[in-house]
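Just below is one structure, and these are the notes that go with it.
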Amino acid sequence: MKKIYKDFNKKSFFNKIFSIIETDRYKIVNLLGFKISFKKYNKDFKYNIDYLKKLIDKNSVISFDIFDTLLLRPYAKPSNVFQHLEEINNAIGFSVVREQAEYNLRKYKDIEYGNYNEIYSILPADFQFLKGKEIQLEKDTIYTNPQMKQIFDYANSLNKIIILTSDMYFSSSILEDILKKNGITEYKKIYVSSELRKAKWDGSMYNHIIQDLNIFPQSILHIGNNKYSDYEMAINSHLNAFHYIEPMEQFFYKYKKFLNFLNKNTDSLTADIIIGILVKKYIENNLNNFDYWKYFGYFLGGPVCYGISKFLYNQVNKKNINEVIFVARDGYTIQKIFNLFNKDNKIKTHYVYANRVLNILINMDYSNNFHYDDRLNSLITICKELNPQLALKTNKLITDKEKQEFIKNNFSLISSISIEMKYRYLKYLKKFDIKDNIALFDIATGNFSALKLLKNVLDIKNIHDIYWITNYKNEHCITYQKNYINIIQNYNVLEFIITAPELPIKYIDKNGNFIRINNKYEMDRMNYYSIIFKEEVNFSKDLLSTFKHYPVEFTCDDLINLINLFFNIIDDDDKKYLKSIKYSINEICLKYIDLVNL
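Per the numbering used here, the sequence shown starts with residue 8, numbered consecutively.
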């Protein structure tokens, strides 16, 4: 409980002595002219909007806080601007020095509400080149909060006097430019702490506004997100006030596991930008109710696919590679996102089938110890399907020795199948006109089957193979994941996040058509992923639209943490939808297990 403010407007004597008023988040008891508030809790903006409009109706001056109320940044924290500037300009140490600058102004210069020029005046000479870049980054990335723009427009429609306030180092002219760019122009005046040398957090700005407008404080309604400076200090200055729950807090109230992700990845620009983009999606699309697979695709798959796609694009440019082969099915979504970076089509991209089954058939590659039994079974099963003579030769092969004997005794027939399949596959590959100096992308590998297959059939030596991870460290390939200590706890989920909305293939028929594996489990995966991948691509589109020409990199470790946390904190919706997803543990999809252990 706490004393809020003295009531100046009650008409009846009884109401002056005792009354109860319910607001959006408080039950206020009026006792002997003083109001005592009991906090309620509701973060649903829809629930509060009608109440806020009623408050606007009753007041002649409407004051809006600017940052985190009218305008939003695509980051989890304001200091992420400094971190991002440091990263993209290779200005090592800038973010720490920049964040400390306001404190240092107060401590060493006795400047309480420092402005932008004063802040940069105490920064080292090496960082002065960032002064204009910081302003430009803010101008280019800040966006309008649609919830508050709706309220702003409502107040304007009633011809209310609108003022804007900010405890901020930017000048009013810089803020005016940012506001104008975001369609906010219809206001009377901006009050900024760095110009007035007064602030909301100590109440001095509110007193200045009252004097400047020459108006009773009870005629002013202030709206802002900071519980202390925008609500309590406004009330203490006898203004009316509305405490706005900012979009990020609304988002975390709805999607709690992402708050956990942010808290476990402190000082991570990757995590902060991911949250910033997710909040932007949430607030601009009113995502209180979101189809589960769209949510899965955008919130989890989106960051994961963006991160590996950007890493791949960087590596391809670094090595001056001319063409990239995206191995089906893992390369489907990654190719689409890669081409968002590859706007001028300078780098040719190909989506190519080069799976393990084709490698086993064409290269007779079954003898490696990695999944030996499954590879042996796959080769025999496909060959028996392709040649009825082989199917008649035996009913069932149980031991590895029996299977090896079967291959040995029927080597001529199996070799002819292999040679024919290689011919059909080469005919398929010729359509792509693949040259030398190419890169191959696959999500993961243990046996390098796609690489072996393409090198053999195309007779190309210079292939740069790039993966998220391999089963063991290999100096000849490039991997996104460098740290083998922090690992994805269930790599099967990675191949569900990064796949294609199509059925897996078994072989190529005589007409050059791919014959696919069609069963309930694969159909389910295909149907769900046809929703998921669109949102994965949308995440990248939204991020690139938000940050424009400013590069954004995601670290692999942070994405691993996101994947692990998502599946470690399973809620009821996760259980409902993920329980039907199965994962095949062999090449020809004869054995399935649950994707996630629920």
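Heads up, the beta-carbon is just placed ideally off N, CA and C, and yes, glycines get one too.
Every value quoted in this text rests on a predicted model; they were computed, and no experiment measured them.
{"Asked": "Within 10 Å of its beta-carbon, does ARG105 have 16 or more other beta-carbons around it, so buried, or fewer, so exposed?", "Found": "buried"}
{"Asked": "From GLY314, ASP174 and PHE265, pick the residue whose C-alpha is nearest to that of LEU501; which is it?", "Found": "GLY314"}
{"Asked": "Check TRP300 in the structure and name its three-state DSSP category.", "Found": "helix"}
{"Asked": "Under three-state DSSP, which class holds TYR599?", "Found": "strand"}
{"Asked": "Taking Cβ to Cβ, would you say ILE344 is nearer than 9 Å to CYS312?", "Found": "yes"}
{"Asked": "To the nearest whole angstrom, what separates the beta carbons of ILE328 and ALA446, a pair I think is in contact under 8 Å?", "Found": "5 Å"}
{"Asked": "Go through the stretch 504 to 587 residue by residue and report every complete run of the alpha helix (DSSP H) that reaches 4 residues or more, in order.", "Found": "527 to 554, 563 to 575 and 579 to 585"}
{"Asked": "Determine, using beta-carbon pairs with one atom in the stretch 83 to 100 and one in the stretch 233 to 250, whether at least three such pairs fall under 8 Å.", "Found": "no"}
{"Asked": "Taking the C-alpha atoms as reference points, what is the distance between ASP580 and ASN454?", "Found": "36 Å"}
{"Asked": "Please confirm whether GLY304 and ILE515 have their CB atoms less than 9 Å apart.", "Found": "no"}
{"Asked": "Is it the case that the Cβ atoms of ASN490 and THR452 are separated by a distance below 9 Å?", "Found": "no"}
{"Asked": "Quick one, which of SER70, TYR528, CYS484 and ILE450 has its alpha-carbon nearest THR506's?", "Found": "ILE450"}
{"Asked": "According to DSSP, simplified to helix, strand and coil, what is PHE439?", "Found": "helix"}
{"Asked": "Leaving aside the five residues before and after ASN526 along the sequence, list all residues of the same chain whose C-beta is less than 8 Å from its C-beta, in chain order.", "Found": "CYS596"}
{"Asked": "Going by CA-CA distance only, name the one from ASN66, VAL68, TYR238 and GLY210 that's closest to THR76.", "Found": "TYR238"}
{"Asked": "Would you decide whether ASP72 is buried or exposed? Buried here means 16 or more other CB atoms lie within 10 Å of its CB.", "Found": "buried"}
{"Asked": "Closest to LYS207 by CA distance: which of ALA98, GLY231 and LEU319 is it?", "Found": "GLY231"}
{"Asked": "Please confirm whether ILE473 and LEU347 have their CB atoms less than 9 Å apart.", "Found": "no"}
{"Asked": "Sort out for me which residues DSSP pairs HIS229 with in a bridge.", "Found": "SER70 and ALA248"}
{"Asked": "Could you check the C-alpha separation between LEU383 and LYS442 for me, to the nearest Å?", "Found": "33 Å"}
{"Asked": "For LEU397, which residues of its own chain have a beta-carbon under 7 Å away from its beta-carbon, when the five flanking residues on both sides are left out?", "Found": "CYS390, LYS391, ASN417 and LEU420"}
{"Asked": "Going by beta carbon distance, what residues of the same chain come within less than 7 Å of THR148, once the five residues before and after it are set aside?", "Found": "ARG80, PRO81, THR553 and PHE554"}
{"Asked": "Looking only at C-alpha atoms, which of ALA278, ASN267 and SER537 sits nearest to LEU572?", "Found": "ASN267"}
{"Asked": "Should ASP279 be labelled buried (16 or more other beta-carbon atoms within 10 Å of its own) or exposed?", "Found": "buried"}
{"Asked": "Should the stretch 160 to 172 be called in touch with the stretch 191 to 210, which here means at least 3 C-beta pairs below 8 Å?", "Found": "yes"}
{"Asked": "Below 9 Å between beta carbons: does that hold for PHE439 and LEU602?", "Found": "no"}
{"Asked": "Under the DSSP definition of a beta bridge, which residues are partnered with TYR150?", "Found": "LEU79"}
{"Asked": "Can you list, in chain order, the residues of its chain with a C-beta nearer than 6 Å to that of GLY361? Leave out the 5 residues immediately preceding and following it.", "Found": "In the sequence as presented, Gly is not what sits at residue 361; that position holds Ala. Contacts found: VAL334, ALA457, LEU460 and LEU461."}
{"Asked": "What do you get for LYS17, buried or exposed, if any count of 16 or more other CB atoms within 10 angstroms of its CB means buried?", "Found": "Per-residue confidence for LYS17 stands at a pLDDT of 44, beneath the threshold of 50, marking its modelled position as unreliable; the derived number appears in the next sentence. Looking at its Cβ environment, which holds fewer than 16 other Cβ atoms inside 10 Å, LYS17 is exposed."}
{"Asked": "What number of angstroms, rounded off, separates the C-alpha of ASN163 from the C-alpha of HIS357?", "Found": "53 Å"}
{"Asked": "Can you tell me whether ASP351 is helix, strand or coil according to DSSP?", "Found": "coil"}
{"Asked": "Using CA coordinates, which residue listed in ILE600, ASN370, MET533 and GLN218 is at the minimum distance from ASN499?", "Found": "ILE600"}
{"Asked": "Going straight from the alpha carbon of ASN189 to that of HIS556, what length do you get?", "Found": "19 Å"}
{"Asked": "For the beta strand (DSSP E) that contains ILE169, what are its first and last residues?", "Found": "168 to 173"}
{"Asked": "Going by beta carbon distance, what residues of the same chain come within less than 6 Å of GLU542, once the five residues before and after it are set aside?", "Found": "LYS301, GLY304 and TYR305"}
{"Asked": "Give the straight-line distance between the Cα atoms of LEU59 and ALA98, rounded to the nearest whole angstrom.", "Found": "44 Å"}
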